[in-house]
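Student: Every number in the numbering used here is 471 more than the matching position in the sequence shown, counting from 1. Think of the CB as a built atom: it goes at the ideal place given N, C-alpha and C, for glycine as much as any other residue. Pasting a structure below so you can have a look.
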Amino acid sequence: MRRSWQAGLVALGLTVVAVAARADGCLSCVDQLPLAPGLVETADSCLNFDTAAGRVAQAEARGTVPVTEVRAFYRSVLPAFGWNLLDPDALDATRSGERLKISVEVTEGNELRVHYALAPSPGN
472 MRRSWQAGLV
482 ALGLTVVAVA
492 ARADGCLSCV
502 DQLPLAPGLV
512 ETADSCLNFD
522 TAAGRVAQAE
532 ARGTVPVTEV
542 RAFYRSVLPA
552 FGWNLLDPDA
562 LDATRSGERL
572 KISVEVTEGN
582 ELRVHYALAP
592 SPGN
């Protein structure tokens, strides 16, 4: 019984930490990259590590927001976070030696899936 209580306490603590990490409205594994309204970061989608060339991160979010709203959100907000849009239609941007690619697709169930991929810029 004591182990069960301790396991529950640990799970609660991890949940609180996970919620706190997203309290600012940004993706949990890419600092200063806001999550578009209506999207929810997919649990366990965060992949984040450092290489000799720089940081690599991937994440995914889902929601029932129209594609046009998500694209418009990122076109307007990325420059405010220091991202230079290389191709606004493709949501491809660079910042401080990093390259961000955001892809948006509609699944068979009419759910929107957004994939975020961050990698060192070519030549970095």
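1) Which stretch, first to last residue, makes up the alpha helix (DSSP H) that contains Ala543?
2) Go ahead and pull the three-state DSSP assignment for Ala551.
3) Is there at least one non-hydrogen atom of the ligand MG closer than 7 Å to the beta-carbon of Val511?
4) Under 8 Å, do Thr513 and Arg533 count as touching if we go by C-beta distance?
5) Determine, using beta carbons only, whether Cys517 and Ala507 come nearer to each other than 8 Å.
6) Can you give me the Cβ contacts of Asn555 inside the same chain, cut-off strictly under 8 Å, excluding the 5 residues immediately before and after it?
7) Note down the Cα distance separating Gly484 from Leu589, rounded to an integer number of angstroms.
8) Count the other CB atoms, across all protein chains shown, that sit within 10 Å of the CB of Asn581; report buried if there are 16 or more and exposed otherwise.
9) Determine the direct distance from the alpha carbon of Tyr587 to that of Leu571, and round the result to whole angstroms.
10) Among Ser547, Glu569, Ala551, which one has its Cα closest to the Cα of Pro559?
Tutor: Taking the geometry as given:
1) 538-548
2) helix
3) The ligand MG is absent from the structure shown, which contains no ligand whatsoever.
4) yes
5) no
6) Ala564, Thr565, Arg566
7) Legend: pLDDT at Gly484 = 45, less than 50; position of this residue unreliable, no value from coordinates given.
8) exposed
9) 7 Å
10) Of Ser547, Glu569, Ala551, the residue nearest in Cα terms is Ser547.
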